[in-house]
Amino acid sequence: MTDFERNARAVTQEMRSVFEPTPLQRNDYLSEKFSANILLKREDLSPVRSYKIRGAFNAMSKQRARDPNQRNFVCASAGNHAQGFAYMCKSLDVLGEVFMPITTPKQKIDKTRAFGGENVTIRLIGDYFDQTLAAAQTHCHESGAHFIAPFDDVDVIEGQASVAVEILDDLGAAPDLVVLPVGGGGLSAGVTKFMAAAAPSTEFRFVEPEGGASLTAALAQGKPVTLPRVDTFVDGAAVARIGTHTFAELVSVDPNHVLSAPEDRICMTILELLNVEGIVLEPAGALVIDALEELRETIRGKTVICVTSGGNFDFERLPEVKERAMRYKGLKKYFILRMPQRPGALREFLDLLGPDDDIARFEYLKKSARNFGTVLIGIETKHSARFPNLLKEMSLAGFDHRDITNDAVLSEFLI
1017 MTDFERNARA
1027 VTQEMRSVFE
1037 PTPLQRNDYL
1047 SEKFSANILL
1057 KREDLSPVRS
1067 YKIRGAFNAM
1077 SKQRARDPNQ
1087 RNFVCASAGN
1097 HAQGFAYMCK
1107 SLDVLGEVFM
1117 PITTPKQKID
1127 KTRAFGGENV
1137 TIRLIGDYFD
1147 QTLAAAQTHC
1157 HESGAHFIAP
1167 FDDVDVIEGQ
1177 ASVAVEILDD
1187 LGAAPDLVVL
1197 PVGGGGLSAG
1207 VTKFMAAAAP
1217 STEFRFVEPE
1227 GGASLTAALA
1237 QGKPVTLPRV
1247 DTFVDGAAVA
1257 RIGTHTFAEL
1267 VSVDPNHVLS
1277 APEDRICMTI
1287 LELLNVEGIV
1297 LEPAGALVID
1307 ALEELRETIR
1317 GKTVICVTSG
1327 GNFDFERLPE
1337 VKERAMRYKG
1347 LKKYFILRMP
1357 QRPGALREFL
1367 DLLGPDDDIA
1377 RFEYLKKSAR
1387 NFGTVLIGIE
1397 TKHSARFPNL
1407 LKEMSLAGFD
1417 HRDITNDAVL
1427 SEFLI
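1017 is the number of the first residue of the sequence shown in our numbering; add one for each residue after it.
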């Protein structure tokens, strides 16, 4: 048994004084759909609805063992790490300061405060996370408080390895394949390092959001690199740069085993799990489920573990999730339409729509000095195959149009 394996098992046992193991559940729906034995490691059912509680527990415990007088801890986060950190501050009866951007939604601030109680102080500093992080680290340097990193820390990685310990203990055997989400890499580094020793026959697939593929970029360059732009929709895994310590454990990963999940497709998966199974997953938590379609042939007939990493889903985002899912499925499109400014033109356009077509958005800017007005229109239909015929009919009727559904700039500005 390696030192890492021994330590991870010890840490997992110590965690039992604070929280129970998360369940490993066979999912019949997904197993039948993909002709495999698919089990979900439900980190979304931890006390803080994510696995982040594990790394925070170990990092705080190890630091207190090294320095028994250390009672002041700091983190910088607006998400799951902040909540796991706050929970552990209260559980271990230490003092914590959580640095969050000023723009953090009130719901996340309130949840963090609820988990930490009187043991935690929340500081809102900076418009962007980089500013918040810098302020937190400066405060640690000046005050002597200990900084708890979200992923790039050997104690955090060791704590996240407890996920693998519980998987093997519950399953009683090595699974054929484990599918892991990747953001900063703490969970993936911990699980793969432990299983390399305890279950060397197990294979892995890694899934990261298309708009934050930091592992893919690092593997291509052979070192961590900073992405020039990150889509923050998958906020629990949208990391611009994978950690140095975490990449050291993942550097040998086969690039062909790293999958990128489009953000709009993830929305389909969120809705599917919610509507069919009643499972509430945040975008990062749905990453591994979203990748199963691409892995269909690979996983057929095998025992597969999918780590659902988080369930902190803000239901105020549900309209956006539905919108993005419909666009991905081709059931909703947006157009800039040139409408002739003459009586009856609008009626002629409406006559082109069929019984399964619906106008979801309509904004008409009429300018009397012009022969045409500009219309922003959103159209929903029940079958994606309908749109090619509708667009052809629009062109034949003289309605010039521009599809802006996938135009990121215009869509963000107008929709």
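For every residue, glycine included, the Cβ atom is placed at its ideal position computed from N, Cα and C.
Q | Cα-Cα separation, Leu-1040 to Glu-1182 | A | By one-based count along the sequence shown, residue 1040 stands at place 24. By one-based count along the sequence shown, residue 1182 stands at place 166. So the alpha carbons of these two residues sit roughly 8 Å apart.
Q | Buried or exposed (CB count within 10 angstroms, at least 16 for buried), Tyr-1380 | A | Numbered from 1 along the sequence shown, position 364 holds the residue referred to as residue 1380. Looking at its Cβ environment, which holds fewer than 16 other Cβ atoms inside 10 Å, Tyr-1380 is exposed.
Q) Quick one: what's Cys-1322 bridged to in DSSP? A) Position 306 of the sequence shown, counted from the start, is the residue given in the question as residue 1322. Per DSSP, Leu-1056, Val-1195.
Q) So what's Asp-1373 in DSSP terms, helix, strand or just coil? A) To locate residue 1373, count along the sequence shown from 1; it is residue 357. Looking at Asp-1373 - three-state DSSP - the assignment turns out to be strand.
Q) For the candidate residues Asp-1168, Ala-1180, Asp-1143, Leu-1334, whose alpha-carbon lies nearest to that of Ala-1264? A) Here residue 1264 corresponds to residue number 248 of the sequence shown, with the count starting at 1. Checking every option, the nearest Cα to that of Ala-1264 belongs to Asp-1168.
Q: Leaving out five residues on either side along the sequence, give the residues of the same chain with a beta carbon under 7 Å from the beta carbon of Glu-1021.
A: Here the question's residue 1021 lines up with position 5 in the sequence shown. Answer for Glu-1021: Phe-1210, Ala-1213, Ala-1214, listed in chain order.
Q. Exposed or buried, which one is Val-1267 when buried takes at least 16 other CB atoms within 10 Å?
A. Taking the sequence shown and counting its residues from 1, one reaches residue 1267 at position 251. Per the 10 Å Cβ criterion, exposed.
Q: Using beta-carbon positions only, say whether Asp-1464 and Thr-1119 come within less than 8 Å of one another.
A: Any question about residue 1464 goes unanswered here, given that the chain covers just 1017 to 1431.
**Q.** Outcome for Met-1104 when other beta-carbon atoms lying within 10 angstroms are tallied against a minimum of 16
**A.** Start at 1 with the first residue of the sequence shown, and residue 1104 comes out as number 88. It is buried - the Cβ of Met-1104 has at least 16 other Cβ atoms within 10 Å.
Q: Going by CA-CA distance only, name the one from Glu-1288, Val-1269, Met-1116 that's closest to Gln-1237.
A: Mapped onto the sequence shown, residue 1237 falls at position 221. Ranking the options by Cα distance to Gln-1237, first place goes to Val-1269.
Q) Quick one, are the C-beta atoms of Phe-1273 and Phe-1331 less than 8 Å apart? A) For the purposes of this step, residue 1273 is taken as residue 257 along the sequence shown, with counting starting at 1. For the purposes of this step, residue 1331 is taken as residue 315 along the sequence shown, with counting starting at 1. The residue asked about is misnamed: residue 1273 is His in this sequence, not Phe. Contact: no.
Q) Opposite Ile-1069 in the DSSP bridges: which residues? A) Here the question's residue 1069 lines up with position 53 in the sequence shown. Note: Ile-1069 sits in no beta bridge, so no partner.
Q: Note the first and the last residue of the continuous alpha helix (DSSP H) segment covering Phe-1263.
A: The residue labelled residue 1263 in the question sits at position 247 within the sequence shown. Segment 1260-1266, the alpha helix (DSSP H) holding Phe-1263.
Q. So Leu-1140 is in the beta strand (DSSP E); what residue range does that whole segment cover?
A. Counting from 1 along the sequence shown, the entry for residue 1140 is found at position 124. Here the beta strand (DSSP E) through Leu-1140 covers 1136-1140.
Q: Put Val-1114 into one of helix, strand or coil per three-state DSSP.
A: Residue numbering aside, residue 1114 sits at position 98 when the sequence shown is read from its first letter. In the structure shown, Val-1114 sits in a strand (DSSP, three-state: E or B).
Q | Nearest residue (CA-CA) to Glu-1036, options Thr-1128, Ser-1062, Arg-1245 | A | Within the sequence shown, the letter at position 20 stands for residue 1036. Residue Ser-1062 is the option with its Cα nearest to Glu-1036.
Q: Counting only the same chain and skipping the five closest in sequence on each side, list residues whose C-beta sits under 6 Å from that of Leu-1303.
A: Start at 1 with the first residue of the sequence shown, and residue 1303 comes out as number 287. Closer than 6 Å at Cβ, skipping near neighbours: Pro-1197, Val-1223, Ala-1277.
Q: Using three-state DSSP, classify Asn-1405 as helix, strand or coil.
A: In the sequence shown, the residue the question calls residue 1405 occupies position 389. Correct three-state label for Asn-1405: helix.
Q. Which partner residues does Pro-1276 have in the DSSP bridge list?
A. The residue you call residue 1276 lines up with position 260 of the sequence shown. According to the sequence as given, residue 1276 is Ser; it is not Pro. Ser-1276 is bridged to Glu-1224.
Q. Ordered along the chain, which non-local residues of its own chain (more than five positions away) have a Cβ less than 6 Å from that of Phe-1235?
A. Residue mapping note: residue 1235 aligns to position 219 of the sequence shown, counting from 1. Going by the sequence as given, residue 1235 is Leu instead of Phe. So the list reads Pro-1271, once near-sequence residues are dropped.
Q | Closest residue to Ala-1401 among Asn-1074, Ser-1411, Gly-1370, Ser-1427 (Cα-Cα distance) | A | Within the sequence shown, the letter at position 385 stands for residue 1401. The residue with the shortest Cα to Cα distance from Ala-1401 is Gly-1370.
Q.
Can you tell me whether Ile-1173 is helix, strand or coil according to DSSP?
A. The residue given as residue 1173 occupies position 157 in the sequence shown. Of the three classes helix, strand and coil, the one that applies to Ile-1173 here is helix, per DSSP.
Q: Tell me whether Ile-1442 sits in a helix, a strand or coil according to DSSP, three-state version.
A: Residue 1442 is absent from the model: the chain starts at 1017 and stops at 1431.
Q | Rounded C-alpha distance that separates Thr-1232 from Pro-1166 | A | The residue you call residue 1232 lines up with position 216 of the sequence shown. The residue you call residue 1166 lines up with position 150 of the sequence shown. The straight-line gap from Cα to Cα measures roughly 20 Å.
Q: Please determine, among Asp-1306, Gly-1389, Phe-1403, the residue with the shortest C-alpha to C-alpha distance to Leu-1347.
A: By one-based count along the sequence shown, residue 1347 stands at place 331. That would be Phe-1403, whose Cα lies nearest to the Cα of Leu-1347.
Q: Provide the residue span of the alpha helix (DSSP H) that contains Asn-1096, from first to last.
A: Within the sequence shown, numbered from 1, the residue matching residue 1096 stands at position 80. Run containing Asn-1096: 1096-1108, per the alpha helix (DSSP H) assignment.
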